[in-house]
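Residue numbers (our numbering): 125 to 513.
Positions of the beta carbon are idealized from the N, C-alpha and C atoms, including for glycine.
The structure displayed is predicted, hence computed values, not measured ones.
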């Protein structure tokens, strides 16, 4: 592609997504405040002293297992120590989990216990982490998941390192697997689970971007790479599965939204073009409908859209939080919502907790600054909007 053609394509993509004021309905909600939520951020910054523990990572999907217990899923993670705000004696694993115990907390963050998995004999770089990939040479980054019939299902992105790609993005998403845990209420070290390859191409469809259930179905929000346009690599699409048909899980059971629910994956309808590979679809206390929180491909801010049904139509996007200016090496990504906090609609109408991840293309900064490369928490307040901006 010539440079002039590439510039034209980029301009078209930008206009189509950011300046199209007629494609999406007006957003009926607006953000009235977005402030740091240190009560949760502090839980990710371990004062380890001389013991080894989780001291940084990204991803940060959360899945409530009960009213008192939440599972957190992390991607590449440091395990080591923090000394004078610096990481020391660290090793990195490709994924990790934590159990948050909120039994002693009144609606706020609880105690986190982290798990890196059993270290294999003579481990290779790709098979370090709580979940080890069954494909040779590959590893897992956790995506979203869902509970069904007492079992926990987690989508896993299958990843391979490729040093031919430009740093720090030297990885290739290849396919997706589904991990089904039979006993998720037990301690993670005692989990019994099976791994099911989905035999898909991540370049075409990335599964597990977000999962959300209603009374009848579980909805799977995916990225449709087959219609990606230049910068906009993750157009959002959605499939659903009746709750009664989740076991055993099969892609052949899914219905895909394409102006109506279709039994086959042919031309799924794009819900919004500027989607992300990680996001959350959720309810917000005291407000109607569903909200999606995500970071568009320009990586400058978190945005929100609203819909009355999970297949849409999704509204125009509203700014939630603009990231502070920083050095050119600083990266922001992986916005998630955590609705297990602030659940009382009377006291917390329109309020929800979000996290986003920070990183740096300068790896030395990840060891010299222990407050970098940990999820940052925000408290967001939403209210009805009477005008469109």
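Spatially closest choice to residue i from the options, by CA coordinates
| i | options | result |
| --- | --- | --- |
| residue 213 | 504, 505, 434 and 494 | 494 |
| residue 164 | 234, 310, 418 and 411 | 234 |
| residue 210 | 174, 192, 155 and 261 | 174 |
| residue 254 | 260, 286 and 312 | 312 |
| residue 484 | 167, 147 and 182 | 182 |
| residue 345 | 334, 352 and 339 | 334 |
| residue 302 | 296, 292, 319 and 376 | 319 |
| residue 362 | 435, 204 and 377 | 435 |
| residue 215 | 186, 286, 191 and 176 | 176 |
| residue 150 | 185, 438 and 383 | 438 |
| residue 186 | 388, 225 and 202 | 225 |
| residue 205 | 171, 416 and 286 | 171 |
| residue 455 | 490, 463 and 429 | 490 |
| residue 321 | 445, 310, 384 and 281 | 281 |
| residue 536 | 388, 229, 502 and 239 | Coverage of the chain is limited to positions 125 through 513, which leaves residue 536 absent and any answer about it impossible. |
| residue 223 | 295, 299, 314 and 487 | 314 |
| residue 502 | 463, 487 and 486 | 463 |
| residue 227 | 194, 453, 207 and 397 | 194 |
| residue 451 | 429, 486 and 433 | 486 |
| residue 397 | 169, 429 and 310 | 429 |
Per DSSP, the bridge partner or partners of residue i
| i | result |
| --- | --- |
| residue 193 | 190 and 225 |
| residue 507 | 154 |
| residue 483 | 455 |
| residue 535 | What the structure shows of the chain is the stretch from 125 to 513, and residue 535 is not part of that stretch, so it cannot be assessed. |
| residue 301 | 280 and 321 |
| residue 175 | In DSSP, residue 175 forms no bridge with anything. |
| residue 207 | 210 |
| residue 375 | Paired residues: none, contrary to the question. |
| residue 275 | 272 |
| residue 201 | 181 and 217 |
| residue 289 | In the DSSP output, where bridge partners are listed per residue, residue 289 has none listed. |
| residue 336 | 343 |
| residue 235 | 225 |
Same chain only: Cβ atoms within 6 Å of residue i, ignoring 5 sequence neighbours per side
| i | result |
| --- | --- |
| residue 263 | 218, 250, 257 and 283 |
| residue 336 | 343 and 405 |
| residue 402 | 458 |
| residue 394 | 359 |
| residue 308 | 189 and 276 |
| residue 357 | none |
| residue 461 | 404, 406, 417, 476 and 478 |
| residue 236 | 167, 222 and 224 |
| residue 326 | 297, 298 and 299 |
As assigned by DSSP and simplified to three states, the class of residue i
| i | result |
| --- | --- |
| residue 323 | coil |
| residue 368 | helix |
| residue 165 | helix |
| residue 312 | helix |
| residue 460 | strand |
| residue 498 | coil |
| residue 489 | helix |
| residue 128 | Any answer about residue 128 is weak, because its pLDDT of 39 lies below 50 and its placement is not dependable; what the coordinates show is given next. In the structure shown, residue 128 sits in a helix (DSSP, three-state: H, G or I). |
| residue 440 | coil |
| residue 423 | coil |
| residue 408 | coil |
| residue 269 | strand |
| residue 138 | Low local confidence applies: a pLDDT of 45 at residue 138 is under 50, so the model's placement there is unreliable, with the coordinate-based value given in what follows. Here residue 138 sits in helix by DSSP. |
| residue 347 | strand |
| residue 145 | With a pLDDT of only 43 at residue 145, under the threshold of 50, the placement of this residue in the model should not be trusted, and no figure is reported. |
| residue 471 | helix |
| residue 257 | coil |
| residue 448 | coil |
| residue 358 | coil |
| residue 387 | coil |
| residue 396 | strand |
Nearest-angstrom Cβ-Cβ length linking residue i and residue j, presumed shorter than 8 Å
| i | j | result |
| --- | --- | --- |
| residue 414 | residue 400 | With 8 Å as the limit, residue 414 and residue 400 do not qualify as a contact, their Cβ atoms being about 16 Å apart. |
| residue 157 | residue 505 | 4 Å |
| residue 179 | residue 443 | The pair is not a contact, with the Cβ atoms about 32 Å apart (cut-off 8 Å). |
| residue 347 | residue 360 | 7 Å |
| residue 290 | residue 355 | So it is not a contact: roughly 15 Å between Cβ atoms. |
| residue 425 | residue 331 | Not a contact, Cβ separation roughly 26 Å. |
Cut-off 7 Å between Cβ atoms - residues of its own chain near residue i, not counting five sequence neighbours on either side
| i | result |
| --- | --- |
| residue 466 | 231, 409, 472, 475, 476 and 477 |
| residue 508 | 152 and 153 |
| residue 317 | 303, 304, 305 and 306 |
| residue 252 | 217 and 218 |
| residue 447 | 424, 425 and 456 |
Contacting residues, own chain, Cβ-Cβ under 8 Å from residue i (five flanking each side not counted)
| i | result |
| --- | --- |
| residue 469 | 409 and 410 |
| residue 500 | 160, 165, 479, 480, 481 and 482 |
| residue 277 | 269, 270, 271, 302, 303, 304, 305, 370 and 373 |
| residue 340 | 366 and 367 |
| residue 145 | Confidence in residue 145 is poor, its pLDDT being 43 and thus under 50, which makes the residue's placement unreliable; the coordinate value appears in the next sentence. The answer, listed in chain order, is 440. |
| residue 497 | 180, 181, 182, 202, 481, 482, 483, 484 and 490 |
| residue 295 | 283, 284, 285, 286 and 289 |
| residue 198 | 178, 181, 182, 183, 184, 219, 220, 221, 222 and 266 |
| residue 135 | Because the pLDDT of residue 135 is 44, which lies under 50, any placement of that residue in the model is unreliable, and the question is left without a value. |
Chain B within 8 Å of residue i, Cβ atoms only
| i | result |
| --- | --- |
| residue 477 | Considering every chain present, this structure includes no chain B. It has just one protein chain. |
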